[in-house]
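Single-structure report; data block below.
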Amino acid sequence: MIEGAIWRRWVFFYIPLALFLIFLLFPFYWMLITTFRPDGELYRPWRAANYTPFWTWNPTLDHIKYLFRETMFATWLWNTMFIATASTIISLICGVLAGYALARLNFPFAGSLGTGIFITYLVPQTLLFIPLSEIIRNYKLGDTPWSLILTYPTFLIPFCTWLMMGYFKAVPKELEECARIDGASRWQAMLYIIIPVAIPGILSAGIFAFTLSWNEFIYALVFLSSPEQKTVPVGVVSELIRGDVFFWGPLMAGALLGSIPVAIAYSFFVEHYVSGLTGSVKG
Amino acid sequence: MATVSIRGVHKRYDDFHAVKGVSLEIKDKEFVVLVGPSGCGKTTTLRMVAGLETITEGTILIGDTVVNELPPMDRDIAMVFQNYALYPHMSVYDNMAFGLKMRKFDKAEIKRRVSEAADILGIKDHLHRKPRQLSGGQRQRVALGRAIVRNPQVFLFDEPLSNLDAKLRVQMRVELKKLHQRLGTTAVYVTHDQVEAMTLGDRVVVMKDGLIQQVGEPLELYNHPANKYVGGFIGSPAMNFADVTIAQNGSGLVASNSAMNIGVPEHLAAPLGPHVGRPATFGIRPEDLRLADGSEPAHHTFEAVVEVAEQLGSEILLDVSCGPSSMVASVDPTVRVKPGEKIRLAFNPHRAHFFDGKTEMAVRG
Ligand SMILES: Nc1ncnc2c1ncn2[C@@H]1O[C@H](COP(=O)(O)OP(=O)(O)OP(=O)(O)O)[C@@H](O)[C@H]1O
Ligand SMILES: [Mg+2]
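Sequence order for the protein chains is A and B. Position 229 of the first sequence, counting from 1, maps to 229 under the working numbering, and the rest follow consecutively. Position 36 of the second sequence, counting from 1, maps to 36 under the working numbering, and the rest follow consecutively.
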């Protein structure tokens, strides 16, 4: 907290904080207000006398209804959920095991392998999708959820591995050594001691992985083509922007509904998630 | 219960030779303390006994079994770590029961052993708590409890008391001693605190730079240090040293430097004979110095200047300078001296030590 006169607290704390919050939250507010604004108001010219960009007097559910009746939004939601969950689970399992191995097993080149894995995370998706689409075509996975469930781990596993490696390194080595002396095998020590202690880290990796795959756009755009296979980000953009016509109402409704599951996931785990990032393990 | 034999053990890390040929025979039921300065290889030695560190060279036996290749779980040992290493997600009960569960003891037996250990250690009321809800001393007890429930052949302790405050440390030290007397399990204890080493150990092993300097019972180390290092390490306040040269003087020997000229005690005259004309180090403990009162022969006294007098109630510690060397003398609390005052100190000739100037080995009578 900032010490001293009240004006200092305002100038150095409250006002910057408020500006920051407005900057961060305004897009969400805009999304919300557009979702419930009737079309008549949406397309009103900004010079009109009754132009009210920041609020509406006639909220409507039309756009949400449109979304569910005229597009396959429910299917997209389900697809996204399934793909994100499956690829998160795969990546978490691989990431936890690999992170543990890199942090704890002293094998040759462990350090450079760790760096190598991190570098693969840095390869831009905009390049990687070219060879990947070749692979997807060869295995005839195009236009199925598996094309994404199997490609998302290409960036999720490095991410989870790196995060878990850092977390495992912060867990005191003695815990595991003590378990080994107590009679646990390496597997048992990992299963009964290290993983339970690392739960906050695993949860944060999981939430991040889930969010990354939920929001992923490029692979989903390239590998999926039929409307009933699409995910929310691709479906909303490709079905609600026709040529240069933007269906702003349903677009924003789709964006709003699409971000709700992620928001729920965050708020549900937020406590674990924060302690996961600060890595607080007490001996 | 078992013996532990460490025979010619070396440990090399990539570019660092941490343990350079340590040999030690630990008897059944013995409490052996490894003591030495930071980085001397105590922990490394202990971890090799535990099986947490591979042995570069040499052999370690527990009982009659060579354990070099045995994983920690098969060595039947228990270890208490400096940071306790309690499993943070488990209750105290589960912490203590974990080792027994892993070894497939049946439920009733686990319960019996855990409550027995909890009884001994006085943590019966905390069995359902998590480690983070315990005080440092209680955590320490849980860590001990986890070690004793398994009734292992050997206990290994790595500075178990160093995270406790001074008062609790003394208290736990006594409890550890009692525990050992009661259980009689062979124990190897690592510490850098020489008081802990002296009070706990049946035998004390002083290490430095990966080498054993001396092994012996606490009093033996105190009275007959094998070299200058052990002399200075054991005892508090530490032994005083003065660099001197040995010279012949009639039938006897004298040790002298710019500020003192003392007679070599008779029992050391013969062994110091070959050192005539060479440098040596004279060592004397603060408690073997007192103010000269004229009753002692003049060649067992020397002059010094008081710098600081520390009144401790039971004694006064005089920090004095004697030519190039500064010394500490523990004198009677009724003595009145002022800083800057010139005094004459007498040393107890039977408790004087001489060390070779080059090898620093003790010259023994
Ligand atoms: N994994 C390692 N790799 C390289 N050097 C190491 C490793 N572990 C320990 N050392 C070195 O070996 C030496 C002995 O270490 P050790 O932990 O046995 O010291 P110690 O006597 O227990 O000291 P302390 O009282 O500080 O615990 C130290 O100089 C240390 O730097
Ligand atoms: Mg150590």
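Beta carbons are placed, not taken as given, at the ideal position from N, Cα and C, and that holds for glycine.
> What distance in whole Å lies between the Cβ atoms of A:F168 and A:G292, which are believed to be in contact at a cut-off of 8 Å?
Replying inline: No information on residue 292 of chain A is available, as it lies outside the stretch 1 to 283 that chain A covers here.
>> If I measure Cβ to Cβ from A:I64 and keep anything under 6 Å in the same chain, skipping five residues before and after, which residues do I get?
In response: Taken in chain order, the residues that qualify are A253.
>> Looking at the strands, I want to know which residues DSSP matches up with B:V328.
In response: Listed as beta-bridge partners of B:V328 by DSSP are B:D319.
> Any beta-carbon of chain B closer than 8 Å to the one on A:G258?
Replying inline: Between A:G258 and chain B, the shortest Cβ-Cβ separation is not below 8 Å.
> Interface residues of chain A around B:P274 at Cβ under 7 Å?
Replying inline: In chain order: nothing, as chain A lies at least about 51 Å away.
> Is the beta carbon of B:G58 sitting closer than 8 Å to the one on B:H10?
Replying inline: Yes, the pair counts as a contact, with Cβ atoms nearer than the cut-off.
> Which residues in the same chain as B:R129 place their Cβ atom closer than 8 Å to its Cβ, once the five residues preceding and following it in sequence are excluded?
Replying inline: S91 and V92.
> Is A:G283 helix, strand or coil by DSSP?
Replying inline: For A:G283, the pLDDT reaches just 39, beneath the cut-off of 50, and the residue's location in the model is therefore unreliable, leaving the point undetermined.
> How about A:P38: is its C-beta nearer than 8 Å to some C-beta of chain B?
Replying inline: Residue contact check for A:P38 against chain B: no CB pair falls below 8 Å.
>> Let's test the definition: count the other Cβ atoms within 10 Å of the Cβ of B:M361 and tell me whether it reaches 16, buried, or not, exposed.
In response: Exposed, because fewer than 16 other Cβ atoms sit within 10 Å of the Cβ of B:M361.
>> Can you tell me whether B:G252 is helix, strand or coil according to DSSP?
In response: DSSP places B:G252 in strand when its eight states are reduced to three.
> Among B:T56, B:Q153, B:G294 and B:G235, which one has its Cα closest to the Cα of B:D64?
Replying inline: Scanning B:T56, B:Q153, B:G294 and B:G235 for the CA closest to the CA of B:D64 turns up B:Q153.
>> ligand 2 and B:V190: does any heavy atom of the ligand fall closer than 7 Å to the residue's C-beta?
In response: B:V190 Cβ: within cutoff of ligand 2.
> Within this structure, are the beta carbons of A:V237 and A:G258 separated by less than 8 Å?
Replying inline: Their beta carbons are not under 8 Å apart, which means A:V237 does not touch A:G258 by this criterion.
> Can B:K42 be considered in contact with ligand 2, in the sense that its beta carbon sits closer than 7 Å to one or more heavy atoms?
Replying inline: Yes, the Cβ of B:K42 comes within 7 Å of a heavy atom of ligand 2.
>> Between the alpha carbons of B:Q248 and B:A238, how many angstroms are there, rounded?
In response: Each residue's alpha carbon lies about 30 Å from the other.
> Hey, would you say the C-beta of B:E159 is under 7 Å away from at least one heavy atom of ligand 2?
Replying inline: Relative to ligand 2, B:E159 has its C-beta within less than 7 Å of a heavy atom.
> Can you tell me where the alpha helix (DSSP H) with B:L164 in it begins and where it stops?
Replying inline: From DSSP, B:L164 is part of no alpha helix (DSSP H); its letter is neither H nor E.
> Listed in chain order, which residues of the segment 73-105 of chain B have Cβ atoms closer than 7 Å to some Cβ of chain A?
Replying inline: The residues in question are M73, I77, A78, M79, F81, N83, Y84, A85, L86, Y87, P88, H89, F98, G99, M102 and R103.
>> Check whether the segment 198-215 of chain B and the segment 248-261 of chain B are in contact - that is, three or more C-beta pairs closer than 8 Å.
In response: Not touching, per the Cβ criterion.
>> Pull the bridge partners of A:N138 from the DSSP assignment, please.
In response: Beta-bridge pairing links A:N138 to no other residue.
>> Looking only at its chain, what residues have a beta carbon closer than 6 Å to the beta carbon of B:R344, apart from the 5 residues adjacent to it on each side?
In response: The beta carbon of B:R344 sits closer than 6 Å to the beta carbons of A292, T301 and E303 from its chain, once the five residues preceding and following it are set aside; these are given in chain order.
> Less than 8 Å separating the beta-carbons of B:T3 and B:K27?
Replying inline: Result yes, Cβ atoms of B:T3 and B:K27 sit closer than 8 Å.
> What are the complete beta strand (DSSP E) segments, minimum 3 residues, inside the segment 17-56 of chain A?
Replying inline: Qualifying beta strand (DSSP E) stretches: none in this window.
> If you run the structure through DSSP and keep just helix, strand and coil, what is B:K104?
Replying inline: In the structure shown, B:K104 sits in coil (DSSP, three-state: anything other than H, G, I, E or B).
>> Can you give me the C-alpha to C-alpha distance between A:V171 and B:M96, rounded to a whole angstrom?
In response: Between A:V171 and B:M96, the alpha-carbon positions lie close to 20 Å from each other.
> Which parts of the segment 110-142 of chain B are runs of the beta strand (DSSP E), unbroken and 3 residues or longer, counting only runs that do not cross its ends?
Replying inline: Segments of the beta strand (DSSP E) lying fully in the segment 110-142 of chain B: there are none.
> Under 8 Å between C-beta atoms, does B:L52 make it to chain A?
Replying inline: The beta carbon of B:L52 falls within 8 Å of a beta carbon belonging to chain A, placing the residue at that interface.
>> Could you check whether the Cβ of B:G58 sits closer than 7 Å to any heavy atom belonging to ligand 1?
In response: Because no heavy atom of ligand 1 lies under 7 Å away, the Cβ of B:G58 does not count as near it: no.
> Since B:T281 contacts B:F241 with CB under 8 Å, what's their CB separation in whole angstroms?
Replying inline: Confirmed, Cβ separation roughly 5 Å.
> Roughly how many whole angstroms lie between the Cα atoms of A:T144 and A:L105?
Replying inline: When rounded, the separation of the alpha-carbon atoms in A:T144 and A:L105 is 38 Å.
>> Quick check on A:G279 - is its C-beta less than 8 Å from some C-beta in chain B?
In response: Summary for A:G279: the model assigns pLDDT 44, below 50, so the residue's position carries little reliability; its value from the coordinates is reported in the next sentence. For A:G279, the closest Cβ of chain B is not nearer than 8 Å.
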